[in-house]
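> Following this message is one structure expressed as structure tokens.
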Amino acid sequence: MSDATLESTADSTANDPVADDHRTADSAAADDPTAADDWSFDQSPSTLGVATTIVAGLVAVAATTVSAAAAVLSLAGLLVLAVGVRRGSNRAHKFGTAGLFAGVLLAGAAGASPAAMLVAFGGAVVAWDAGENAISLGHQLGAGAPTRRATVVHVAATGVVASVVGVLALVVYDLSRTGQPTTAVALLLVAALLFIWLLDD
Amino acid sequence: MAFHEMGAEFPEFDETPTELVVGPGDAADHQTKRWFGVSAFALLALAVGVFTAQGGLLLASALGMAFSGYGRLTSPPPVNLAIERTISDARPNPGDEVTVSLTVTNDGDRPLPDLRLVDGVPDRAAVTGGSPRIATALRSEESTTIQYTIAATRGVHEFEPLTAIVRDVSGATERIASVEQGDAFACEPDLPGPTLDVPLRPQTTQYTGRTPADAGGDGVEFYATREYRMGDPMSRIDWNQTAKTGDMRTVEHRVERSVTVALLVDARPSADVSPNGAAGSTLERNLEAAREVAASLLAEGHAVGLAAFSEHDCWLPPAASDNHRIELRETLATHPAFSPGDEDADVSVFSVAQRLRQRLPSDAQVILFSPLVDDFVFRTTVRLDAHGHRTTVVSPDPTAADTSGHRLASVERRMRITRLRRRGLPVADWAFDESLAHAMARIRGGRSV
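Chain order of the listed sequences is V and R.
Heads up: the first sequence runs through residues 1 to 201, numbered per this note's numbering.
Heads up: the second sequence runs through residues 1001 to 1449, numbered per this note's numbering.
Quick look at the structure:
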């Protein structure tokens, strides 16, 4: 009985004369925005940006396989990072990057070779950089804008810097292995710190 | 071709706001601080490396520090861009697609590794194809072109300043510049053909025109015959009738009179409401109705004037000439009163009506175009009518029925309409899925009055 009452009430609402007279021309418009109605700005980053992030991240993850825990941690970080970039979320991007770097540090602490460490750290930096750049391009220009060229130039520049510095560091490290490795590394670090300090002025 | 020199004279900002607002023709630098995180991880790697005595970590730390140095070393090159915007049609018709091409050339000597452009699409224009934004890298003397289409809507559309964001190759510093270009296009809808049968109120001016008065006299259309009275002109005597019956009969023609009409458009931002995106803006519907009514009235020889409820004074004295027709069309298309204005602008409906009364001849009629969404307009209309300006209301229905608040507004509006009709003012309640002619015909049919 009560069911029937409810039903009839529902019917009378549907046939409400006021509602009927003033119904909108396109009642579907409210539920299902069409292209013409959709004024929102799609801020999602480009596919190329997401792809470069994932590729660089995978390189970093591959270099951390010396320890299973490090590999799992960095892979989890990369997953969060990739999802964050895909969705244009700065927060997820940050957390993912932190996970990825934590995995790299763990691998280093577990005794990864210097070459592997350079690849892992460099890969992580490139992944973070490509992701951050893709998110900022998405926020500033939206999904509809052509961004391929800017993305390629930016990622290539970061990749080149990572490779050059990495190779240089490795060469210095290898050269110094014959003599006093710790001294050489310490010198390298001092040089780097000095570099930062000089640039800070 | 306009050249915009940007570079040395740019002010350097010390503070680093998260979002920079740059005035037209201005530019500002902004540190993105994006490499700070890498430096932090480099120092962390250093600490862990020293603690665990792992050479690999120390090397990685050196790499991280090199990156933070990379972020500091690079700075955006001086920017010198030549920007050229071409608009396919400077005077489009409403609904036309206007293609805009923007060509940007790097006139500086140094390559721009990361150039992001956001064209200043006019405020009320919708981009229908392509993107007005691009991110690219430009070598010296290289140029890039973006092309997009805009759906033209009524009014003058001025392009906003273009925003150029130049980042250095590492992305550590971005320079934001705003470039004023001052292009515009104007879209003026034509007055339509005289399609409407505008139901004017009964009128009694002495000038001959096209509105049939319910009175016999001089005119062209047969009205009635009456008994001959002394002084009737010979040519007006109905000789056939006289021959048949022997009584002298005089033919009377229907007197036609022209009417002075002021179109009064409710262009207040607060009245520019719309039930949904598909229905279009109420202001546009008001203007569409005003165009149709004006065209039809002018075609019938009436004098048509124009005024608006708006913060901008809009007044076109009633006239009936061809020149006036053009002026009316332009005013309806481009007058600042009819551009969507400041939502908070305080428009005094009463003072507009008072000014209108001072300007109008005492027997002029008023046709008000208003959604009737508030009582100010209601009361003003009643007062105008009471002062002898016989008023007809064309009211585009902006109400929706999706929420109870919307339904309440809808009921309130209907009550205003009912009260106006009770006072003898004809109101055409114009639903958005209905033609104006249909809504007007309901007045004619007498159902609405």
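Here a beta-carbon is modelled for each residue, glycine too, at the ideal position from N, C-alpha and C.
Against chain R, with Cβ distances strictly below 7 Å, would residue 192 of chain V count as a contact?
Within the first sequence, numbered from 1, the residue matching residue 192 of chain V stands at position 192. True, the Cβ-Cβ gap to chain R drops below 7 Å.
> Between the segment 1043–1051 of chain R and the segment 159–166 of chain V, can you find at least three pairs of beta-carbon atoms closer than 8 Å?
Taking 8 Å as the limit for Cβ pairs, the verdict is that the segment 1043–1051 of chain R does not touch the segment 159–166 of chain V.
> Just tell me which of V:171, V:98 and V:129 has its CA closest to the CA of residue 157 of chain V.
Residue numbering aside, residue 157 of chain V sits at position 157 when the first sequence is read from its first letter. Measuring from the Cα of residue 157 of chain V, the nearest candidate turns out to be V:129.
> Residues of chain R with CB under 8 Å from residue 82 of chain V, in chain order?
As a first step, residue 82 of chain V is located in the first sequence; it is residue number 82 there, counting from the start. Simply none; closest approach about 18 Å.
> Spell out whether any CB of chain V is found under 7 Å from the CB atom of residue 1040 of chain R.
Counting from 1 along the second sequence, the entry for residue 1040 of chain R is found at position 40. Not closer than 7 Å to any Cβ of chain V, the Cβ of residue 1040 of chain R fails to qualify, so no.
> In the structure shown, what three-state DSSP assignment does residue 193 of chain V receive?
Counted from its first residue, the first sequence places residue 193 of chain V at position 193. Reduced to three states, the DSSP call for residue 193 of chain V is helix.
> Take residue 1240 of chain R and list the residues in its own chain whose beta-carbon comes closer than 7 Å to its own, dropping the five residues that flank it on each side.
Residue 1240 of chain R sits at position 240 when you count from the first residue of the second sequence. Within the same chain, residue 1240 of chain R has no close Cβ partners at all.
> Around the C-beta of residue 138 of chain V, are 16 or more other C-beta atoms found within 10 angstroms, so that it is buried, or is it exposed?
Locating residue 138 of chain V in the first sequence gives position 138, where the first residue counts as 1. It is buried - the Cβ of residue 138 of chain V has at least 16 other Cβ atoms within 10 Å.
> Kindly list, in the order they appear in chain V, the residues whose Cβ is closer than 7 Å to that of residue 1066 of chain R.
On the second sequence, position 66 is the one that residue 1066 of chain R refers to. Result: 165 and 192.
> Residue 38 of chain V by DSSP, collapsed to three states: which one?
In the first sequence, residue 38 of chain V corresponds to position 38, counting from 1. Because the pLDDT of residue 38 of chain V is 45, which lies under 50, any placement of that residue in the model is unreliable, and the question is left without a value.
> Jot down the residue ranges of each uninterrupted alpha helix (DSSP H) in the segment 1231–1256 of chain R, minimum 4 residues, whole runs only, in chain order.
1239–1245
> Compare the C-beta of residue 1199 of chain R against all C-beta atoms of chain V and say whether one is closer than 7 Å.
As a position in the second sequence, residue 1199 of chain R is number 199, starting the count at 1. Residue contact check for residue 1199 of chain R against chain V: no CB pair falls below 7 Å.
> Taking Cβ positions only, does residue 1434 of chain R come closer than 7 Å to chain V?
As a working mapping, residue 1434 of chain R is identified with position 434 in the second sequence. Chain V contact via Cβ: absent.
> Quick check on DSSP: helix, strand or coil for residue 1158 of chain R?
Locating residue 1158 of chain R in the second sequence gives position 158, where the first residue counts as 1. Residue 1158 of chain R falls in the strand class under three-state DSSP.
> I want to see whether chain V comes within less than 7 Å of residue 1045 of chain R, judged by CB atoms only; does it?
Here the question's residue 1045 of chain R lines up with position 45 in the second sequence. Chain V contact via Cβ: present.
> Identify which residue in R:1202, R:1149 and R:1115 has its Cα closest to the Cα of residue 140 of chain V.
Position 140 of the first sequence, counting from 1, holds the residue named residue 140 of chain V. When each option's Cα is compared against that of residue 140 of chain V, the closest is R:1115.
> Using a Cβ-Cβ distance cut-off of 7 Å, determine whether residue 171 of chain V contacts chain R.
Here residue 171 of chain V refers to the residue found at position 171 when the first sequence is read from its first residue. Judged by the 7 Å Cβ criterion, residue 171 of chain V is not in contact with chain R.
> Among the residues of its own chain, which have a CB less than 7 Å from the CB of residue 83 of chain V, if the five just before and after it don't count?
As a first step, residue 83 of chain V is located in the first sequence; it is residue number 83 there, counting from the start. Counting only Cβ-Cβ distances below 7 Å, and skipping sequence neighbours, we find 92.
> What residue range does the alpha helix (DSSP H) around residue 154 of chain V cover?
Locating residue 154 of chain V in the first sequence gives position 154, where the first residue counts as 1. It spans 148–177 - the alpha helix (DSSP H) in which residue 154 of chain V sits, taken as one unbroken run.
> Are residue 1391 of chain R and residue 1380 of chain R touching if we call contact CB-CB under 7 Å?
Here residue 1391 of chain R refers to the residue found at position 391 of the second sequence. Here residue 1380 of chain R refers to the residue found at position 380 of the second sequence. Not a contact, by the Cβ cut-off of 7 Å.
> Compute the distance between the beta-carbons of residue 1333 of chain R and residue 1264 of chain R, then report whether it is under 7 Å.
For the purposes of this step, residue 1333 of chain R is taken as residue 333 along the second sequence, with counting starting at 1. For the purposes of this step, residue 1264 of chain R is taken as residue 264 along the second sequence, with counting starting at 1. Contact flag unset, no.
> Please confirm if residue 1408 of chain R has its CB atom under 7 Å from at least one CB of chain V.
Working through the second sequence from its first residue, we reach residue 1408 of chain R at position 408. Output row for residue 1408 of chain R: interface = no.
> Any beta carbon from chain V within less than 7 Å of residue 1116 of chain R's own beta carbon?
As a first step, residue 1116 of chain R must be located in the second sequence, where it is residue number 116. So yes, residue 1116 of chain R belongs to the interface.
> With residue 1315 of chain R as the anchor, note down where its beta strand (DSSP E) starts and where it stops.
Within the second sequence, residue 1315 of chain R is the residue found at index 315, counting from 1. Per DSSP, residue 1315 of chain R belongs to the beta strand (DSSP E) from 1315–1319.
> Keeping to the same chain, check which residues put their C-beta closer than 8 Å to that of residue 1196 of chain R; ignore five residues upstream and five downstream.
Mapped onto the second sequence, residue 1196 of chain R falls at position 196. The answer, listed in chain order, is 1292, 1293, 1295, 1296, 1436, 1437 and 1440.
> Can residue 185 of chain V and residue 1055 of chain R be called in contact, C-beta distance under 7 Å?
For the purposes of this step, residue 185 of chain V is identified with residue 185 of the first sequence, where counting begins at 1. For the purposes of this step, residue 1055 of chain R is identified with residue 55 of the second sequence, where counting begins at 1. Yes, these two residues count as a Cβ contact at 7 Å.
> For residue 1114 of chain R, report the span of its beta strand (DSSP E) as first-last.
Start at 1 with the first residue of the second sequence, and residue 1114 of chain R comes out as number 114. From DSSP, the beta strand (DSSP E) with residue 1114 of chain R extends over 1112–1120.
> Nearest chain V C-beta to residue 1048 of chain R closer than 7 Å, yes or no?
Position 48 of the second sequence, counted from the first residue, corresponds to residue 1048 of chain R. Taking Cβ atoms only, chain V reaches closer than 7 Å to residue 1048 of chain R, which makes this a yes.
> So which of R:1159, R:1267 and R:1052 has the shortest CA-CA distance to residue 1090 of chain R?
Counted from its first residue, the second sequence places residue 1090 of chain R at position 90. The shortest C-alpha separation from residue 1090 of chain R is found at R:1159.
> Counting C-beta neighbours from all protein chains within 10 Å, is the total for residue 1330 of chain R 16 or more, i.e. buried, or is it exposed?
Position 330 of the second sequence, counting from 1, holds the residue named residue 1330 of chain R. With fewer than 16 other Cβ atoms within 10 Å, it is exposed.
> Taking residue 1175 of chain R as the reference, give the member of R:1038, R:1318, R:1322 and R:1027 with the closest Cα.
Looking up residue 1175 of chain R in the second sequence gives position 175. Nearest C-alpha to residue 1175 of chain R: R:1027.
> Can you check whether the C-beta of residue 147 of chain V is within less than 7 Å of a C-beta belonging to chain R?
For the purposes of this step, residue 147 of chain V is taken as the residue at position 147 of the first sequence. Output row for residue 147 of chain V: interface = yes.
> Does the Cβ of residue 1065 of chain R have 16 or more other Cβ atoms within 10 Å, making it buried, or fewer, making it exposed?
To locate residue 1065 of chain R, count along the second sequence from 1; it is residue 65. If you draw a 10 Å sphere on the C-beta of residue 1065 of chain R, you find 16 or more other C-beta atoms in it, and that means buried.
> Residue 1130 of chain R by DSSP, collapsed to three states: which one?
Sequence index remark: in the second sequence, residue 1130 of chain R carries index 130 (1-based). Here residue 1130 of chain R sits in strand by DSSP.
> Residue 1034 of chain R versus chain V: which residues are under 7 Å apart at the beta carbon?
In the second sequence, the residue the question calls residue 1034 of chain R occupies position 34. The answer, in chain order, is 132.
> Which bits of chain R does residue 142 of chain V rub up against, with CB to CB less than 8 Å?
As a position in the first sequence, residue 142 of chain V is number 142, starting the count at 1. Here the neighbours are 1131 and 1133.
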